[in-house]
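In my numbering, the protein residues as written are 653 to 722. Ideal placement from N, C-alpha and C gives every residue a C-beta, glycine not left out.
Put into structure tokens, the structure is as follows:
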């Protein structure tokens, strides 16, 4: 069962940019803990952008995808 896409194009672009910043920041910090945290969060944000689905949006009933059937 596929989840309905709830991430629109502008939301997707913002997430892609944020993921890039988080992953790069994760590569640049000196603390190993911060490296892991920033990289993992960046990868999660990247996954939501690529898949077009944000699980946190479902309970909040948010849908930025205007192409989706309501």
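Remark: C-beta atoms of residue 665 and residue 716 do not approach each other more closely than 8 Å. Here DSSP, grouped into helix, strand and coil, assigns residue 672 to helix. Residue 697 places its beta carbon less than 8 Å from that of residue 674.
Cβ-Cβ separation between residue 667 and residue 691: approximately 16 Å, too far for a contact (criterion under 8 Å). Rounded to the nearest whole angstrom, the C-alpha separation of residue 718 and residue 695 is 25 Å.
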